[in-house]
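Peer 1: What follows is a single structure, and I will ask about it in a moment.
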Amino acid sequence: MIDLKHLREDPEHYKKGAARKHARVDIDRVVELDARKRELMTKRESLKAEQNTLSKESGPKIGQLAGRIKKAVGAEASRLQAEMDELKAGPARLKSEIEGLESELAGLEPELEKLLLMIPQPPDPDVPDGPGSEGNVEIRRWSPPGFDPSKPFAGQKGFVAKSHTELGEVHGLMDFERGVKLSGSRSYVLTGDGFRLHQAVLRYAFDQIVAQGFTPVSAPSIVREKAMVGTGFFPAGREQTYEVGIHEANDAGERAWEADGYLTGTGEVGLMGFHMDEILDEDDLPIKLCTLSPCYRREAGAAGKDTAGLYRVHYFEKVEQVVICKADEGESRQWHRKMITYVESLLQSLNLPYRLLQCCAGDLGQKNADMIDVECWMPSRGEVDKDGVPAGDWGETHSASRLYDFQCRRLNLRYRAGGANGKGATTFCHSLNNTVLASPRFLIPLIEMNQNADGSITIPEVLRPYMNGQERIG
RNA sequence: GGAGAGGUGGCGGAGCGGUUGAACGCGCCGGAUUCGAAAUCCGGUAUGGCCUUCGGGUCAUCGGGGGUUCGAAUCCCCCCCUCUCCGCCA
């Protein structure tokens, strides 16, 4: 949610922001509706004030009269009744006027509300413009000694890389056929060491981020609509989300469907929704939370894209981190950089080549002011040559977002300056979130980069404690 | 799933159609007293919106949303949540 007051003062800022994100929202209409709404409110309130004054004045009198009317008879009763009717007439006249204004207000509020929820957070000035993910700009890259992603895999390793799906089949790590049988497209089954490696790397990442001072939180992954709207995933991302609910027969005896929950596509929803509608103490900030949660995504609109393998699936598990901090741009930016360094050290400890991308305005979601993606090198991706050997390519594994107070406004998540007993004003917090590790997508670089000439897979040293000391697969 | 009870300020707890934005108690803040503290006494102590000549004014909010009424914390309807008992169950 953007700051309506700020939009009123500087609508151009939000128009430009929306244009940079290629979002179509009618800012002028918002300004118009807002102005009209305030005009109506001011009128209604002064009428209400008048009505309240009158009511306070005549109220007790009406009460007394009512009592006397009960006891009175004949002409006395009708005289008192007339007196009471006159007293009632004053506030009653105001009532119809107020009702008129209120019905007009009720008419425009849903439209205003709907538009407000769709206005994107403007990208920061230092975020480059661009059409979409193809406009993202590489910031830096890292590779372990002895491997350079810009050179062919075979030339460096002495053998042609197998894809994770090939390796998976050889070692019985995953089963796509049965996954589809069970669950349809983009489904998979992890088996044997595949499942173990999946759990090992998630648990390793989880332990690493907990060691960085993040509080582990296991929050629900079926949430109410309010949490989806609050975290900024609804209404825009509704078609990406699975609904859960109960089938009941309606009055006509038909099977009626009512959604009463939504499967979250990221642990971010549970972590940020955790403090929804709260006023935190300034002393308690920053709040650093992490989770390991199931993630469900419809992948609507991605038909035909990345259909093979573990890259784009409907269900996965993810270790996620969020930071809720003071409304200070400097602090916010500092946490953004810090979260990325956690990921970098994680990837370095696993010896996986990666690069950082500054996402361009066109690739930012509605809620982000800034986003840094991390991509790992995946030998099975990229263009395929005449011998059928893929060139390898970067694939997104992480995404770190900086949101200012956009999300906390929606969540109504504030803090009070001056600590627990302080008398300071309340302010919306800033929020940030980042992937720590998402699997099974992460198994792609993990398996493919650790494969050996004989087809075996070396388990990185840091993961061995999570694999009962096992050093290799195959 | 069945039956019942209930949701009021930071907390406890009154009120159940009109000077109630809400008694009283606790907590918290400021002051007095004190060498200092405890105790005591006095005062203060919600959030959000709109307007503002920046002094303030005003509206809304007693789980949420509608309704009745000149007037609703109080009456009616729908929803959400909590608790108790029974049933079922990883």
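When the first sequence is numbered by our numbering, its final residue is 509 and no position is left out of the sequence of numbers. Virtual Cβ for every residue (Gly too), placed ideally from N, Cα, C.
Using the C-alpha atoms, what's the distance from residue 353 back to residue 80?
Peer 2: The residue given as residue 80 occupies position 45 in the first sequence. The residue given as residue 353 occupies position 318 in the first sequence. So the two alpha carbons sit approximately 50 Å from each other.
Peer 1: Which word fits residue 323, buried or exposed, when buried means at least 16 other C-beta atoms lie within 10 angstroms of its C-beta?
Peer 2: Walking along the first sequence from the start, residue 323 turns up at place 288. Residue 323 comes out buried.
Peer 1: If you run the structure through DSSP and keep just helix, strand and coil, what is residue 511?
Peer 2: Any answer about residue 511 is impossible in this case: the structure gives the chain only from 36 up to 509.
Peer 1: Using only alpha-carbon positions, find the residue among 204, 42, 386 and 115 that is nearest to residue 508.
Peer 2: Taking the first residue of the first sequence as 1, we reach residue 508 at position 473. Taking only the C-alpha atoms, the option nearest residue 508 is 204.
Peer 1: According to DSSP, what are the bridge partners of residue 466?
Peer 2: Along the first sequence, read from residue 1 onward, the residue named residue 466 stands at position 431. Partner(s): 359.
Peer 1: By alpha-carbon positions, which one of 134, 326 and 160 ends up nearest to residue 248?
Peer 2: Counted from its first residue, the first sequence places residue 248 at position 213. Nearest to residue 248 by alpha-carbon distance, out of 134, 326 and 160, is 326.
Peer 1: Output the distance between the C-alpha atoms of residue 456 and residue 136, rounded to the nearest integer angstrom.
Peer 2: Sequence index remark: in the first sequence, residue 456 carries index 421 (1-based). Sequence index remark: in the first sequence, residue 136 carries index 101 (1-based). Note on residue 456: pLDDT 48, under 50, position unreliable in the model; the coordinate value appears next. Near 41 Å, if we compare the C-alpha coordinates of residue 136 and residue 456.
Peer 1: Could you give the DSSP three-state label for residue 455: helix, strand or coil?
Peer 2: Looking up residue 455 in the first sequence gives position 420. The predicted model places residue 455 with a pLDDT of 48, which falls under 50 and marks its position as unreliable; any figure quoted below should be read in that light. Here residue 455 sits in coil by DSSP.
Peer 1: Report the rounded CA-to-CA distance for residue 279 versus residue 195, giving the unit in angstroms.
Peer 2: Here the question's residue 279 lines up with position 244 in the first sequence. Here the question's residue 195 lines up with position 160 in the first sequence. Distance between the alpha carbons of residue 279 and residue 195 is about 45 Å.
Peer 1: Mark residue 388 as exposed unless 16 or more other C-beta atoms lie within 10 angstroms of its C-beta, in which case mark it buried.
Peer 2: Within the first sequence, residue 388 is the residue found at index 353, counting from 1. Buried.
Peer 1: Does the structure place the segment 296 to 308 close enough to the segment 395 to 402 that three or more beta carbon pairs sit under 8 Å?
Peer 2: no
Peer 1: What residues in its chain sit with their C-beta under 7 Å from that of residue 265, if we drop five residues either side in the sequence?
Peer 2: In the first sequence, counting from the first residue as 1, residue 265 sits at position 230. Hits under 7 Å: 308, 311, 445 and 446.
Peer 1: Are the segment 70 to 85 and the segment 403 to 416 touching, with three or more C-beta to C-beta distances below 8 Å?
Peer 2: Segments in contact, no.
Peer 1: Going by other Cβ atoms of all chains shown within 10 Å of its Cβ, with 16 needed for buried, is residue 461 buried or exposed?
Peer 2: Residue mapping note: residue 461 aligns to position 426 of the first sequence, counting from 1. With fewer than 16 Cβ atoms within 10 Å of its Cβ, residue 461 is classed as exposed.
Peer 1: Measuring straight from C-alpha to C-alpha, what distance separates residue 372 and residue 252?
Peer 2: Within the first sequence, residue 372 is the residue found at index 337, counting from 1. Within the first sequence, residue 252 is the residue found at index 217, counting from 1. If I take the Cα positions, the gap works out to 23 Å.
Peer 1: Could you check whether the segment 198 to 216 touches the segment 337 to 350, counting it as contact only if at least three pairs of C-beta atoms, one from each stretch, sit closer than 8 Å?
Peer 2: yes
Peer 1: Return the chain-ordered list of same chain residues with a C-beta closer than 7 Å to the C-beta of residue 239, the five sequence neighbours on each side being excluded.
Peer 2: Here the question's residue 239 lines up with position 204 in the first sequence. Correct list, in chain order: 497, 498 and 501.
Peer 1: Let me check understanding here. Comparing Cα to Cα, which of 36, 125, 154 and 366 lies closest to residue 91?
Peer 2: Reading the first sequence from its first residue, position 56 is the one you call residue 91. Closest option to residue 91, Cα to Cα, is 125.
Peer 1: Have a look at 243, 218, 207 and 237 and flag the residue whose alpha-carbon is nearest the alpha-carbon of residue 228.
Peer 2: Your numbering for residue 228 matches position 193 in the first sequence. Residue 207 is the option with its Cα nearest to residue 228.
Peer 1: Between the C-alpha atoms of residue 467 and residue 438, what's the straight-line distance to the nearest angstrom?
Peer 2: Start at 1 with the first residue of the first sequence, and residue 467 comes out as number 432. Start at 1 with the first residue of the first sequence, and residue 438 comes out as number 403. The alpha-carbon atoms of residue 467 and residue 438 are separated by roughly 6 Å.
Peer 1: Less than 9 Å between the beta carbons of residue 377 and residue 471, yes or no?
Peer 2: Here residue 377 refers to the residue found at position 342 of the first sequence. Here residue 471 refers to the residue found at position 436 of the first sequence. Yes.
Peer 1: With DSSP collapsed to three states, give me the class of residue 176.
Peer 2: Within the first sequence, residue 176 is the residue found at index 141, counting from 1. Residue 176 falls in the strand class under three-state DSSP.
Peer 1: What residue does the alpha helix (DSSP H) around residue 394 start on, and which one ends it?
Peer 2: By 1-based counting over the first sequence, the position of residue 394 is 359. Per DSSP, residue 394 belongs to no alpha helix (DSSP H) and is neither H nor E.
Peer 1: Assuming residue 209 and residue 225 are in contact, meaning their beta carbons sit under 8 Å apart, how far apart are those beta carbons, in whole angstroms?
Peer 2: Sequence index remark: in the first sequence, residue 209 carries index 174 (1-based). Sequence index remark: in the first sequence, residue 225 carries index 190 (1-based). About 5 Å separates the beta carbon of residue 209 from that of residue 225, a gap short enough to meet the 8 Å contact definition.
Peer 1: Let's see if you can read the secondary structure: which residues bound the beta strand (DSSP E) around residue 432?
Peer 2: Residue mapping note: residue 432 aligns to position 397 of the first sequence, counting from 1. Here the beta strand (DSSP E) through residue 432 covers 428 to 437.
Peer 1: Using the rule of at least 16 other Cβ atoms within 10 Å of the residue's Cβ for burial, across every protein chain shown, is residue 391 buried or exposed?
Peer 2: Here residue 391 refers to the residue found at position 356 when the first sequence is read from its first residue. So residue 391 ends up on the buried side.
Peer 1: Per the DSSP calculation, residue 107 is bridged to which residue(s)?
Peer 2: Position 72 of the first sequence, counted from the first residue, corresponds to residue 107. In the DSSP output, where bridge partners are listed per residue, residue 107 has none listed.
Peer 1: Can you check whether the CB of residue 330 is closer than 9 Å to the CB of residue 435?
Peer 2: Within the first sequence, numbered from 1, the residue matching residue 435 stands at position 400. Within the first sequence, numbered from 1, the residue matching residue 330 stands at position 295. No; because the gap between Cβ atoms is not below 9 Å, this pair is not in contact.
Peer 1: Given this structure, state the Cα-to-Cα distance separating residue 171 from residue 429, to the nearest angstrom.
Peer 2: The residue labelled residue 171 in the question sits at position 136 within the first sequence. The residue labelled residue 429 in the question sits at position 394 within the first sequence. Spanning the alpha carbons of residue 171 and residue 429 requires a straight line of approximately 13 Å.
Peer 1: Output needed for residue 182: all residues of its chain with C-beta closer than 7 Å, excluding positions within five of it in sequence on either side, in chain order.
Peer 2: Here residue 182 is taken as the residue at index 147 of the first sequence, counted from 1. Excluding residues up to 5 positions away in sequence, 191 and 388 lie with their Cβ nearer than 7 Å to the Cβ of residue 182 in the same chain.
Peer 1: With contact counted as at least three CB pairs below 8 Å, one residue from each stretch, are the segment 48 to 56 and the segment 146 to 165 in contact?
Peer 2: yes
Peer 1: Using 9 Å as the threshold, is the C-beta distance between residue 254 and residue 302 below it?
Peer 2: Numbered from its first residue, the first sequence carries residue 254 at position 219. Numbered from its first residue, the first sequence carries residue 302 at position 267. Yes; because the gap between Cβ atoms is below 9 Å, this pair is in contact.
Peer 1: So residue 475 and residue 223 are supposed to be a Cβ contact under 8 Å. How far apart are they, rounded?
Peer 2: Locating residue 475 in the first sequence gives position 440, where the first residue counts as 1. Locating residue 223 in the first sequence gives position 188, where the first residue counts as 1. Yes, they are in contact, since the Cβ atoms of residue 475 and residue 223 sit about 7 Å apart, within 8 Å.
Peer 1: For the beta strand (DSSP E) holding residue 323, just list the boundary residues, first then last.
Peer 2: Counting from one through the first sequence, the residue named residue 323 turns up at place 288. Run containing residue 323: 322 to 331, per the beta strand (DSSP E) assignment.
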